[in-house]
Amino acid sequence: MKRCPCCNARLNDAPLCPRCGADLSRVLSCEQRAKQWLALSLQTLEAGHATIAAHAVKRSLSYRQTLEARIFREFLIRHQYGALYDSLARQDWPSARQTISNLHVLQGDNEALRRFQEFINHLSARSTNHSEPYSRWHLL
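Following this line, the structure appears as structure tokens:
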């Protein structure tokens, strides 16, 4: 934090504002926690754990809405949609369901995700009812 939220004075690293004396220790603590959760989110995505990354970036944003965290959340959303399309192409229904769950964490509930979930349920039910894998030829 560069300025005091109470009086707009320039701040140093002290937990008290030099002008108005406001106790900024909790605000500074929230900023630190936001950075830690964002770092965890980056590390876990790099390690291949998108579910943990989604929850961690959400937690980071709950402490402070930083530009970095918002950009990373948008990146993670795009990443998860790519993973969803890959799962659908492979007919990996459990993976697709997990990816939808991650997107719910990142975006909240919305109509598009509900429709994707219904689509996945339909395709997975259809593929388990047929002995051969679901293919585009079933549509012809």
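Position in the sequence shown (first residue = 1) + 1 = the numbering used here. For glycine and all other residues, C-beta sits at the position ideal for the given N, C-alpha and C.
Taking the C-alpha atoms as reference points, what is the distance between Leu141 and Ala48? Note on Leu141: pLDDT 46, under 50, position unreliable in the model; the coordinate value appears next. Rounded to the nearest angstrom, the two C-alpha atoms are 41 Å apart.
Does Gln81 pass the burial test, meaning 16 or more other C-beta atoms within 10 Å, or should it be called exposed? buried
Cβ neighbours of Ser26 in the same chain (closer than 7 Å, five flanking residues each side left out): Pro16
Residue closest to Arg20, alpha-carbon to alpha-carbon, out of Leu29, Cys31, Cys5 and Gln33: Answer by Cα proximity: Cys5.
With a floor of 4 residues, list each alpha helix (DSSP H) that falls wholly inside the segment 20-63, ordered by position along the chain. 26-47
Within 10 angstroms of its Cβ, does Arg74 collect 16 or more other Cβ (buried), or is it exposed? buried
Could you tell me which whole alpha helix (DSSP H) segments of length 4 or greater appear in the segment 84-108? Considered as a whole, the segment 84-108 harbours 94-108 as its complete alpha helix (DSSP H) runs of no fewer than 4 residues, in chain order.
With distances taken from CA atoms, which of Arg11, Thr100 and Ala40 is nearest Thr52? Thr100
Neighbourhood of Asn9 by C-beta, 8 Å cutoff - its chain only, sequence neighbours within 5 removed: Once the five neighbours on either side are set aside, Asn9 has no close Cβ partner at all.
Can you check DSSP and say which residues form a bridge with Leu17? Asp24
For Gly83 and Glu32, what's the separation of their Cα atoms in angstroms? 31 Å
Using only CA atoms, which one of Leu46, Trp38 and Arg116 lies nearest to Arg79? Ranking Leu46, Trp38 and Arg116 by CA distance to the CA of Arg79 puts Leu46 first.
Based on the DSSP output, what are the partners of Arg71 in its beta bridges? DSSP output for Arg71 lists no bridge partner at all.
Take the Cβ of Trp117 as the centre, count every other Cβ of all protein chains shown within 10 Å, and call the residue buried at 16 or more, exposed below. Before going on, a small fix: residue 117 reads as Phe here, not Trp. Flag for Phe117 reads buried.
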